[in-house]
Amino acid sequence: MKQEPTSIASTRIAFIGGGNMASAIIGGLIQQGLDGSRIAVVEPLAEQRERLESRYGVTTLEAAGPELQGFDLVVWAVKPQIIKQVATDCAQHLAGALHLSVAAGIRSDSLAAWLGSERIVRAMPNTPALVGQGMTGLYARTAVVAADRGLIEAVIGTTGQYLWVEREADLDAVTALSGSGPAYVFYFLEAMRQAGTEMGLSAETATRLAIGTFAGAARLAQDASEPPEVLRERVTSKGGTTYAALCSLEDSGVKASFVKALHAASQRAKELGDEFGA
Ligand SMILES: NC(=O)C1=CN([C@@H]2O[C@H](COP(=O)(O)OP(=O)(O)OC[C@H]3O[C@@H](n4cnc5c(N)ncnc54)[C@H](OP(=O)(O)O)[C@@H]3O)[C@@H](O)[C@H]2O)C=CC1
Ligand SMILES: O=C(O)[C@@H]1CCC=N1
């Protein structure tokens, strides 16, 4: 039987941590029509609480307390380095909730031990969630039932695309690719802006050209039936400009360095789990 999509209109969601990633997800939820009064955010920084309240109309709390009793979903959006302490302190107020952690590297076994619950899903989102263009990897513990998965899909679906992974360890690779991925894109944009200005363009023109190129190439890759290497070859005229650029990139070992960088990110995710897990 086909399952009806879960509606989040009546869902109450508590965020523990109201920083960059929480803001990006909250932004997606609000943009898709969830009423801010259904969201509570625990965030110690007063300035950040005021920003969240005024921008999204959410309720904020300086610290977790009995007010969080009865929330359907708790989103863990604090740094991996402090999640153990925060989870242990808050667990008593969160009985019965479904938990969604976005903390890089922190494994669900650790979360289950701290929270005394098996209803745990891990997500690795990314900041384009803020504009509804997020890409999120999801992993559910075996105790998570279909209805819980449906709720997670409805919530994360407001922020963009998602996919489920079967093996929890794969989330470290997801973190390296798409979780950290926007930073690599911005890094390339910075490099393109620098090159453009060195060649005499204004920073504004160079940035516009670079962003438009990323957006167009990403769309082409998404719609095309061919892999990226074929699309790349179509840009690369024999003896032309692209060939000159790609030879320079290969000579400098850019692809190998980039691949190495992603392995470093994945390794760091694993280390975070080892260092800051239960
Ligand atoms: N940024 C990203 O692109 C992504 C981040 N993540 C994950 O999201 C999580 C949050 O990262 P990010 O949003 O970047 O980090 P931020 O530092 O922006 O947000 C974390 C927030 O938690 C707050 N905080 C600190 N202590 C507590 C507490 N005791 N109770 C509640 N809140 C607290 C911090 O406040 P204060 O500043 O005062 O310490 C801060 O505002 C991390 O685990 C990260 O791995 C996952 C995917 C992508
Ligand atoms: O840099 C980090 O650790 C987090 C996880 C993925 C993106 N930001």
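Residue numbers for the sequence shown follow our numbering, so the first one is 17 and each next one is one higher.
Here a beta-carbon is modelled for each residue, glycine too, at the ideal position from N, C-alpha and C.
Taking 8 Å as the cut-off, the Cβ atoms of Glu69 and Leu77 do not count as close. Around Gly289, the same chain offers Gly121, Ile122 and Arg123 as residues with beta carbons nearer than 7 Å, after the five sequence neighbours per side are excluded. Within 10 angstroms of the beta-carbon of Val160 lie 16 or more other beta-carbons, which makes it buried. Between Glu59 and Leu236, the alpha-carbon positions lie close to 40 Å from each other.
For the 8 Å CB-CB criterion, Leu187 and Gly150 do not form a contact. Under the 8 Å Cβ criterion, the region 279-289 does not count as touching the region 203-212, having fewer than three qualifying pairs. Here the distance from the Cβ of Pro244 to the nearest heavy atom of ligand 1 is not below 7 Å.
As the crow flies, the alpha-carbon of Val137 is around 46 Å from that of Ser218. In the structure shown, Ile42 adopts helical secondary structure according to DSSP, grouped into three states. Taken through DSSP and simplified to helix, strand or coil, Ser117 comes out as strand. Relative to ligand 2, even the nearest heavy atom lies 7 Å or more away from the CB of Gly255.
If you look at Ile168, you'll find it in the alpha helix (DSSP H) that goes Ala162 to Gly173.
When the beta-carbon positions are compared, Ala192 and Ala281 come within less than 8 Å of each other.
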